[in-house]
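Visitor: Take this structure first; my questions come after.
Chains as they are written, first to last, in the numbering used here: chain U, 3 to 383; chain Y, 3 to 383.
Here you go:
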């Protein structure tokens, strides 16, 4: 959904919404796995009180902040108070308000490359000076960040999609999380740990949050990937000073969120046994889809491309080893009836021309196998 | 809900949420008049399609844009296409995104004084140069604006709450609407006609929209006052170029609104006979409340204060003619069990010390009479 860098790619993908095109380009949960009936019940319960449709606090409905604080306390392995939580209109709004609160024009911000396009857009609006650090199979190259800091770079923020990276699929290793936290303490920057996918692991939980190691970490997460995007419930966890700054900006930005959807999210997140079973279902289903994607790529594109490791989240990162230009491949792929996002869409300074982001969450294993066959046909042309 | 200028007043009013205090300070619809059952039915219908809980277009659900375009066509007396509508997270978000799109730091923006605090906050964030024009009983003093323009002021935007002003209660007369449109054409500024209350007239519809007279008018409105704030559905109507700029900014701000609440709003707004009856009910009930407030003020505060004319909306403007300082009165009033917002909260450059904004929508006539009796008791202390 976030802005793609190349409007040419955006125009191409606009064509991709035709029903005969298998879409691997999105970044969406499968609507058939959204708990519609549980949400219907929660809406019914919430509407028992007329105030459910009234304005609410700018920082979010108190009950939701408490439920999130309890979950984030487990994530951070320390007590997180509700006053340290601001509920935002998806975690994209948290990014946007944080940039407004913390990033002056010209300030240096470090992001990962390939980049989550939503953070790029926000930082460009803030007129930040963007410095990139590459990713490898263990996530952000924290050693490269250390070199940048040693050479004098002084970022105000370092942004990382620490777990099941968008678009790269990788997860920051435990050692690098510790190293990143140490650098934040030593150099005084804030880490924005953008973590919408962490709950969507397939078999093994990811390493502990970077926030376990340091108080200089602002965590962002969301109900969009685990419950439903239309709740528009994301959140940030930060110290009360940052929360107050974000609250004032949110007041000007949109007054407040929807009390109704906040109450629904609170109901579902607080229903621990139901939510655990729901997550278990998502993990199993998305895990089997990722497995189907891997098998198909290994079979159909052997020798031409390698699919990166997938342990959770929504994306696999396909790297062509035969010099295929994925911008060019996209046109051929659309003609064969499959869409993906070429790596160049996530490049900050160009590059990423031989890679592609494949979303595996919105199609069944059979459709995914079909999609990869179409991709292989496009590639062989 | 918007930021009050004085944190002292905000702190005082935080105390005012106690149940024994009658609240005239808010700016809320009465939750008991929100059509809860109709909304419950609309949610049920929307949830019949799983995609109702998915992400949606940044500019809003297509069906809602079409319904709004049809209503706004009637308002503007010309065909408004859905491509000229962006659905925002309440009309506050429309204000905020417009300011980002159109107001560079240092640019001149004209607003009315006393001011809607939400616009003040947004313009201060944009580092606009704010120039004020006073209001009288016929709304904005467009003659004063004309003098400012003649003397060389070149605003990029002129913001007006044209109908049932917040906080001042007044409505811009038909003559002044024409004059304002002519000035916009002559000097090339844009008018932002902020119109969340226009449907809430008591007996007589307000004059035609300023947009009838000029294409240089961006209209803002909202479902928050007529349906429910928790839908978080507002909108702007502007030319496609402005809409595209706002869309790009909204993508960075929060990706998109809630498909679910957009579908609900579209359902209710498109159900014309139901909506007409619903509005008729609100007009009658709010009209009777405004009448009760007027009678009580005329009786209890005769000689001390005058309540401005109220033809609709949510607010009456009380002006003390006996030098009462309403900041000081607020403390006494809270002690008597009634809350209001003193005029100083809406002042841009100080002043408005002898006036108060009274919200009449959230209390029954009996409670309003009781509230004014308490206010009179506080005044007589």
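Think of the CB as a built atom: it goes at the ideal place given N, C-alpha and C, for glycine as much as any other residue.
Would you give the residue range spanned by the beta strand (DSSP E) that residue 196(Y) belongs to?
Guide: Start and end: 192-196.
Visitor: Using a Cβ-Cβ distance cut-off of 7 angstroms, determine whether residue 42(Y) contacts chain U.
Guide: At least one chain U Cβ lies under 7 angstroms of residue 42(Y).
Visitor: Residues in the segment 115-129 of chain U with C-beta within 8 angstroms of chain Y's C-beta atoms, listed in sequence order?
Guide: Result list: 120, 123, 124 and 127.
Visitor: I'd like to check one pair, residue 25(U) with residue 341(U): are the Cβ atoms closer than 7 angstroms?
Guide: Yes. Within cutoff.
Visitor: Report the residues of the segment 244-265 of chain U with a CB closer than 8 angstroms to any CB of chain C, ordered along the chain.
Guide: Structure shown: chain C not included; protein chains present are U and Y.
Visitor: Can you find a C-beta in chain Y that's less than 7 angstroms from the C-beta of residue 6(U)?
Guide: Confidence at residue 6(U) is low in this model, with a pLDDT of 45, below 50, so the placement of that residue should be treated as unreliable; the coordinate-derived value is given next. Chain Y, which has no Cβ nearer than 7 angstroms to the Cβ of residue 6(U), makes this no.
Visitor: Measure the alpha-carbon distance for residue 325(U) versus residue 375(U) and round it to whole angstroms.
Guide: Residue 325(U) and residue 375(U): Cα-Cα distance of roughly 19 angstroms.
Visitor: Nearest CA to the CA of residue 239(Y): which residue from 79(Y), 86(Y) and 48(Y)?
Guide: Of 79(Y), 86(Y) and 48(Y), the residue nearest in Cα terms is 86(Y).
Visitor: Any idea which residues DSSP pairs residue 138(Y) with across the strands?
Guide: Answer is 141(Y), bridged to residue 138(Y).
Visitor: Within 10 angstroms of the Cβ of residue 345(U), are there 16 or more other Cβ atoms? Answer buried if so, exposed if not.
Guide: It is buried - the Cβ of residue 345(U) has at least 16 other Cβ atoms within 10 Å.
Visitor: State the CB to CB distance for the pair residue 317(U) and residue 119(U), rounded to an integer number of angstroms; the pair is presumed to be in contact (CB under 8 angstroms).
Guide: Not confirmed; about 13 angstroms, so no contact.
Visitor: What is the DSSP secondary structure of residue 381(Y), reduced to helix, strand or coil?
Guide: DSSP places residue 381(Y) in helix when its eight states are reduced to three.
Visitor: Give every residue of the same chain whose Cβ lies closer than 7 angstroms to the Cβ of residue 82(U), excluding the five residues on either side of it in the sequence, and list them in chain order.
Guide: Around residue 82(U): 71, 74, 75 and 239.
Visitor: Does the beta-carbon of residue 21(U) have 16 or more other beta-carbons within 10 angstroms, so that it is buried, or is it exposed?
Guide: Exposed: under 16 other Cβ atoms inside 10 Å.
Visitor: What is the rounded straight-line gap between the Cα of residue 215(Y) and the Cα of residue 105(U)?
Guide: C-alpha separation (whole angstroms): 42 angstroms.
Visitor: How is the alpha helix (DSSP H) around residue 264(U) delimited, first residue to last?
Guide: Unbroken alpha helix (DSSP H) run through residue 264(U): 261-272.
Visitor: In the DSSP assignment, what residue or residues form a beta bridge with residue 153(Y)?
Guide: For residue 153(Y), which the question treats as bridged, DSSP gives no partner whatsoever.
Visitor: The segment 82-109 of chain Y: which residues have C-beta closer than 7 angstroms to a C-beta of chain U, in chain order?
Guide: Answer in chain order: 91, 92, 94, 95 and 98.
Visitor: Which class does residue 221(U) belong to by DSSP, given the choice of helix, strand or coil?
Guide: Residue 221(U) falls in the strand class under three-state DSSP.
Visitor: With DSSP run on the structure shown, which of helix, strand or coil describes residue 339(Y)?
Guide: Residue 339(Y): coil per DSSP, three-state reduction.
Visitor: Tell me the DSSP bridge mates of residue 330(U)?
Guide: Its beta-bridge partners do not exist; DSSP assigns none.
Visitor: In whole angstroms, what separates the C-alpha of residue 260(U) from that of residue 354(U)?
Guide: Roughly 39 angstroms between the two C-alpha positions.
Visitor: Would you mind telling me which residues of chain U sit closer than 7 angstroms to residue 54(Y), beta carbon to beta carbon, in chain order?
Guide: Per Cβ cutoff of 7 angstroms: 232.
Visitor: Based on the DSSP secondary-structure assignment, which residues constitute the bridge partners of residue 161(U)?
Guide: Answer is 194(U), bridged to residue 161(U).
Visitor: Got a sec: is the Cβ-Cβ distance from residue 45(U) to anything in chain Y below 7 angstroms?
Guide: For residue 45(U), the answer is yes, since a Cβ of chain Y falls inside 7 angstroms of its Cβ.
Visitor: Does the beta carbon of residue 57(Y) sit closer than 7 angstroms to a beta carbon anywhere in chain U?
Guide: Closer than 7 angstroms to some Cβ of chain U, the Cβ of residue 57(Y) qualifies, so yes.
Visitor: Any beta carbon from chain U within less than 7 angstroms of residue 157(Y)'s own beta carbon?
Guide: Not closer than 7 angstroms to any Cβ of chain U, the Cβ of residue 157(Y) fails to qualify, so no.
Visitor: For residue 42(Y) versus residue 49(U), is the C-beta spacing smaller than 7 angstroms?
Guide: Yes, the Cβ-Cβ distance between residue 42(Y) and residue 49(U) is below 7 angstroms.
Visitor: So with CB distances below 8 angstroms, who are the chain U contacts of residue 384(Y)?
Guide: Since the first residue shown for chain Y is 3 and the last is 383, residue 384(Y) is missing from the structure and cannot be characterised.
Visitor: Flag this pair as yes or no: are the beta carbons of residue 133(Y) and residue 143(Y) separated by less than 7 angstroms?
Guide: No, the Cβ-Cβ distance between residue 133(Y) and residue 143(Y) is not below 7 angstroms.
Visitor: How would you write the range of the alpha helix (DSSP H) that residue 41(U) sits in, first residue to last?
Guide: From DSSP, the alpha helix (DSSP H) with residue 41(U) extends over 38-48.
Visitor: Quick one: grab the DSSP three-state call for residue 321(Y).
Guide: Residue state, collapsed to three classes: strand.
Visitor: Tell me, which residues are paired with residue 258(Y) by DSSP?
Guide: Partner(s): none; residue 258(Y) has no beta bridge.
Visitor: Between residue 308(U) and the rest of its own chain, which residues show a CB-CB distance below 7 angstroms, the 5 nearest in sequence each way excluded?
Guide: Once the five neighbours on either side are set aside, the close Cβ partners of residue 308(U) are 321 and 323.
Visitor: At 7 angstroms on the CB atoms, spell out the chain U contacts of residue 397(Y), in chain order.
Guide: Because residue 397(Y) is not part of the residues shown, which for chain Y are 3 to 383, the question remains open.
Visitor: Relative to chain U, which residues along the segment 268-288 of chain Y have a C-beta separation below 9 angstroms, given in chain order?
Guide: The residues in question: there are none.
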